[in-house]
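Chains as they are written, first to last, in the numbering used here: chain F, 4 to 281; chain Y, 856 to 1196.
The structure appears right after this line, and notes come after that.
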Amino acid sequence: MSANLSNIRHTHGLDVVKPLSITTLILVMMPLVLLPLASIFIFGTSSGLRSFWNALTAPEAVFALQLSIVTSFWATVFNVVFGLFAAYVLTKYNFWGRNALIVTISLPTAIPTAVAGFALLLLWGPYGILGRFLDPHGIHLMFTAAAIILANIFVTFPLAFGVIKPVFDTMNQSLEEASATMGATRWQTFWHVTLPSLRGAILSGALLTFARAVGEFGSTILVSGNLAGRTQTAPLYIFAKFNEGQVEAANAIAIVLALFSFLIFSVLFLARDWLEAE
Amino acid sequence: MKFKIGLIAVFFSAMVLIGCLPSAPGGGGGGERKITVYGFSIMKESLQKEIFPAFAAKWRAEHNGEEVKFESSFAGSETVTNQILQGVPADVGIFSIERDVDRLIQAGHVPNDWYVTPQKGIVNKTPFVIIVRKGNPQGIADFADLGKEGVKLIHPDPVSSGGAQWSILAIYGSELRKSEAETGKRDETRALNTLKAIWKNVIATPGSAREARTQFELGQGDALVTYELEALLMKDANAPIDVVVPKATIFSEHPVAIIDRNVTPDERPVVEAFRNFLWSDEAQKAFVKNHFRSVTNESFNDANPQFAKIEMPFTVEYFGGWKKAYPDVIEKVFRDQVQKK
Chain F
4 MSANLSNIRH THGLDVVKPL SITTLILVMM PLVLLPLASI FIFGTSSGLR SFWNALTAPE
64 AVFALQLSIV TSFWATVFNV VFGLFAAYVL TKYNFWGRNA LIVTISLPTA IPTAVAGFAL
124 LLLWGPYGIL GRFLDPHGIH LMFTAAAIIL ANIFVTFPLA FGVIKPVFDT MNQSLEEASA
184 TMGATRWQTF WHVTLPSLRG AILSGALLTF ARAVGEFGST ILVSGNLAGR TQTAPLYIFA
244 KFNEGQVEAA NAIAIVLALF SFLIFSVLFL ARDWLEAE
Chain Y
856 MKFKIGLIAV FFSAMVLIGC LPSAPGGGGG GERKITVYGF SIMKESLQKE IFPAFAAKWR
916 AEHNGEEVKF ESSFAGSETV TNQILQGVPA DVGIFSIERD VDRLIQAGHV PNDWYVTPQK
976 GIVNKTPFVI IVRKGNPQGI ADFADLGKEG VKLIHPDPVS SGGAQWSILA IYGSELRKSE
1036 AETGKRDETR ALNTLKAIWK NVIATPGSAR EARTQFELGQ GDALVTYELE ALLMKDANAP
1096 IDVVVPKATI FSEHPVAIID RNVTPDERPV VEAFRNFLWS DEAQKAFVKN HFRSVTNESF
1156 NDANPQFAKI EMPFTVEYFG GWKKAYPDVI EKVFRDQVQK K
């Protein structure tokens, strides 16, 4: 719509601005994003598709990918449900300390992920503030899949909330009021009026959280113990293989993760249009 | 409404599908024992390719077919030690430097009487050498040449890597040793100046010896000081490199320790059997095949024709052991006088 308008206003004869600006866009992206991504694909398949496939189907590689997906999944489930709840509470009720809570939820964005990792260790590790009381009972949170989920939750904490909260803020209050005057319970109003309008935000919040969690490295390497075939996630596997000098093996998994995020953001892109059209 | 039910159905089936933790590769089955090994970076190949399978076969034969499964993680020696100090479930640790075992003893993870064999806990050794690009374009013949103008050196970070500390001891000790041979006195000023000149040329400090090698292989730097084992592994892979053997250099010696607090009485027999297996002829020969040198029997080392002859070898004992070498050289010389500049 806006593109058509500008065409009407500025174009006399041949439009050079359009091809020029598109070329500029691609040229800028080339060295910054496109070429680095391309080099993963070139390197990962450089010694033939057969060794690429072997690298991909190595038992520890498959395990690492599965572990990443499962731990990211649970972190996403938690953070979307929590983000929804937090956005609801923080929009509906005004109370002392409300803004402080909003700021706190956003904090993990700017905290280095390594700090998130050792903060968890300092709390839940066998010598941590709380962990030292759990350890004698045989309860070990750190260096297990639970630790990876906790790290993922911490690191992606603000994402779903950040997408859902603005929708709450701009939501048409009168719809909910109408629902209430028609005798709906709080729960009915939430389920039939509030939630449907949040569909798009929930989906994009979930996909963003999931994508970010799958790629998480800095906190995971500290809390997981990095045991191949047990607590080694896909990013840790890539790092380990790279350090060992097995660059192709590292790249094979990197390709999977790159395609994976491409898929996620394609779904996000398509589903958004579709959900908004509803 | 149909749409919603469909969505919920998809959601829950997805939950069931991807919400379950994957089972460990090759896992499953009862009557199986598990040993968790944390090792310093360059131990990986010999352990995974030779030692783990050999021990599992031996145990299987001696214990009615009982399987032993290994889980392992590799990083710089200091990093591994820090992981163990924070509580990773390691049964056995194999370190680059004995100082790391001392740190674990101090924290109560390893008992004072941690070694049981005449080798004092050392499982294998290897000398420190210099790796340069094919043809040695900068004409590097000994450590001192690494301090020449324009040489770019990759050197692991002594904060996380045991190999980096060995390298510092190798360079510093090499100058002491040569000066002692020439004048009868250890020339500490000469050793310090050489180390300073070399450190000026360091362009990257990776976290472990293995990481340093990867960076070098990817084309960074002109030279790398590292374990002879790494140089020979690179030669095996036909990397375009030359190996420069210094006139005087250190033999690094790598200790193994059982992490007492993580080993239950039930697990102890298999864990101890594995540790003791490292000194068996079978394991020592496997180390030699993978370019580590044997510590139990010097004649095993004749089996590897690629081992370099070192003119003036020395060990950490030259500095009075790790308990003196770490504070005297790594801290007082390297950290205080070379790095803080």
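C-beta atoms are modelled at their ideal positions from N, C-alpha and C, and glycine is treated no differently.
Beta-ladder partner(s) of residue i, from DSSP
{"i": "phenylalanine 929 (chain Y)", "result": "Y:Gly894"}
{"i": "arginine 1148 (chain Y)", "result": "Y:Lys980"}
{"i": "threonine 1104 (chain Y)", "result": "Y:Pro1168"}
{"i": "leucine 1008 (chain Y)", "result": "Y:Val1057 and Y:Ala1078"}
{"i": "aspartate 1097 (chain Y)", "result": "Y:Val987"}
{"i": "histidine 1109 (chain Y)", "result": "Y:Asn979"}
{"i": "valine 947 (chain Y)", "result": "Y:Val892 and Y:Ile1113"}
{"i": "lysine 924 (chain Y)", "result": "Y:Lys889"}
C-beta atoms of residue i and residue j nearer than 9 angstroms
{"i": "phenylalanine 998 (chain Y)", "j": "serine 951 (chain Y)", "result": "no"}
{"i": "glycine 284 (chain F)", "j": "glutamate 1072 (chain Y)", "result": "The structure shown does not extend to residue 284 (chain F), since chain F is modelled only from 4 to 281, so the question has no answer here."}
{"i": "leucine 211 (chain F)", "j": "leucine 271 (chain F)", "result": "yes"}
{"i": "glutamine 1161 (chain Y)", "j": "leucine 1047 (chain Y)", "result": "no"}
{"i": "serine 927 (chain Y)", "j": "leucine 230 (chain F)", "result": "yes"}
{"i": "valine 1057 (chain Y)", "j": "isoleucine 986 (chain Y)", "result": "no"}
{"i": "isoleucine 1105 (chain Y)", "j": "alanine 1163 (chain Y)", "result": "no"}
{"i": "threonine 1081 (chain Y)", "j": "phenylalanine 983 (chain Y)", "result": "yes"}
{"i": "serine 227 (chain F)", "j": "alanine 119 (chain F)", "result": "no"}
{"i": "phenylalanine 819 (chain Y)", "j": "tyrosine 1027 (chain Y)", "result": "The structure shown does not extend to residue 819 (chain Y), since chain Y is modelled only from 856 through 1196, so no value can be given for it."}
{"i": "glutamate 933 (chain Y)", "j": "valine 1006 (chain Y)", "result": "no"}
{"i": "alanine 945 (chain Y)", "j": "isoleucine 1165 (chain Y)", "result": "no"}
{"i": "lysine 21 (chain F)", "j": "leucine 93 (chain F)", "result": "no"}
{"i": "alanine 78 (chain F)", "j": "alanine 204 (chain F)", "result": "no"}
{"i": "tyrosine 1173 (chain Y)", "j": "arginine 954 (chain Y)", "result": "no"}
{"i": "alanine 61 (chain F)", "j": "alanine 252 (chain F)", "result": "yes"}
{"i": "phenylalanine 925 (chain Y)", "j": "methionine 898 (chain Y)", "result": "no"}
{"i": "serine 177 (chain F)", "j": "alanine 274 (chain F)", "result": "no"}
Buried versus exposed, by CB contacts within 10 Å (16 or more), residue i
{"i": "arginine 189 (chain F)", "result": "exposed"}
{"i": "glutamine 1192 (chain Y)", "result": "exposed"}
{"i": "phenylalanine 88 (chain F)", "result": "exposed"}
{"i": "methionine 33 (chain F)", "result": "exposed"}
{"i": "tyrosine 96 (chain F)", "result": "exposed"}
{"i": "leucine 110 (chain F)", "result": "exposed"}
{"i": "histidine 822 (chain Y)", "result": "It is not possible to answer for residue 822 (chain Y), since the shown part of chain Y is limited to 856 through 1196."}
{"i": "arginine 53 (chain F)", "result": "exposed"}
{"i": "glutamine 864 (chain Y)", "result": "At residue 864 (chain Y) the sequence reads alanine, which differs from the glutamine that was named. So alanine 864 (chain Y) ends up on the exposed side."}
{"i": "leucine 959 (chain Y)", "result": "buried"}
{"i": "glycine 884 (chain Y)", "result": "Any answer about glycine 884 (chain Y) is weak, because its pLDDT of 49 lies below 50 and its placement is not dependable; what the coordinates show is given next. Glycine 884 (chain Y) comes out exposed."}
{"i": "phenylalanine 136 (chain F)", "result": "exposed"}
{"i": "methionine 145 (chain F)", "result": "buried"}
{"i": "phenylalanine 171 (chain F)", "result": "buried"}
{"i": "aspartate 1183 (chain Y)", "result": "exposed"}
{"i": "isoleucine 1185 (chain Y)", "result": "buried"}
{"i": "glutamate 180 (chain F)", "result": "exposed"}
{"i": "leucine 38 (chain F)", "result": "exposed"}
C-alpha gap between residue i and residue j, whole angstroms
{"i": "phenylalanine 85 (chain F)", "j": "isoleucine 105 (chain F)", "result": "13 angstroms"}
{"i": "serine 5 (chain F)", "j": "serine 269 (chain F)", "result": "Note that serine 5 (chain F) has pLDDT 46, beneath the 50 cutoff, so the model's placement of it is unreliable and the number below is only indicative. Rounded to whole angstroms, serine 5 (chain F) to serine 269 (chain F) spans 24 angstroms at the Cα level."}
{"i": "glutamate 1108 (chain Y)", "j": "alanine 243 (chain F)", "result": "24 angstroms"}
{"i": "phenylalanine 907 (chain Y)", "j": "asparagine 1152 (chain Y)", "result": "21 angstroms"}
{"i": "tyrosine 893 (chain Y)", "j": "isoleucine 949 (chain Y)", "result": "6 angstroms"}
{"i": "isoleucine 939 (chain Y)", "j": "leucine 239 (chain F)", "result": "18 angstroms"}
{"i": "tryptophan 1054 (chain Y)", "j": "lysine 1003 (chain Y)", "result": "11 angstroms"}
{"i": "alanine 911 (chain Y)", "j": "asparagine 979 (chain Y)", "result": "20 angstroms"}
{"i": "threonine 159 (chain F)", "j": "serine 264 (chain F)", "result": "16 angstroms"}
{"i": "glycine 232 (chain F)", "j": "arginine 1041 (chain Y)", "result": "50 angstroms"}
{"i": "glutamine 903 (chain Y)", "j": "valine 947 (chain Y)", "result": "14 angstroms"}
{"i": "serine 878 (chain Y)", "j": "isoleucine 151 (chain F)", "result": "16 angstroms"}
{"i": "glutamine 1194 (chain Y)", "j": "alanine 117 (chain F)", "result": "25 angstroms"}
{"i": "threonine 112 (chain F)", "j": "proline 161 (chain F)", "result": "7 angstroms"}
{"i": "leucine 266 (chain F)", "j": "alanine 916 (chain Y)", "result": "49 angstroms"}
{"i": "phenylalanine 1155 (chain Y)", "j": "lysine 1144 (chain Y)", "result": "10 angstroms"}
{"i": "alanine 58 (chain F)", "j": "proline 880 (chain Y)", "result": "15 angstroms"}
{"i": "aspartate 1000 (chain Y)", "j": "threonine 981 (chain Y)", "result": "22 angstroms"}
{"i": "glutamate 72 (chain F)", "j": "glutamate 63 (chain F)", "result": "Reading the sequence as shown, one finds isoleucine at residue 72 (chain F) and not glutamate. Cα-Cα distance, rounded: 14 angstroms."}
{"i": "lysine 913 (chain Y)", "j": "glycine 931 (chain Y)", "result": "29 angstroms"}
{"i": "tryptophan 277 (chain F)", "j": "glycine 920 (chain Y)", "result": "59 angstroms"}
{"i": "aspartate 18 (chain F)", "j": "asparagine 102 (chain F)", "result": "49 angstroms"}
{"i": "aspartate 1157 (chain Y)", "j": "leucine 30 (chain F)", "result": "59 angstroms"}
Give a yes or no on contact between the region 1058 to 1067 of chain Y and the region 1125 to 1133 of chain Y, applying the rule of three or more CB pairs nearer than 8 angstroms.
-> At 8 angstroms Cβ cutoff, the stretches do not touch.
Would you check if there are 3 or more beta carbon pairs closer than 8 angstroms linking the region 64 to 71 of chain F to the region 251 to 270 of chain F?
-> Counting Cβ pairs under 8 angstroms, three or more are found: they touch.
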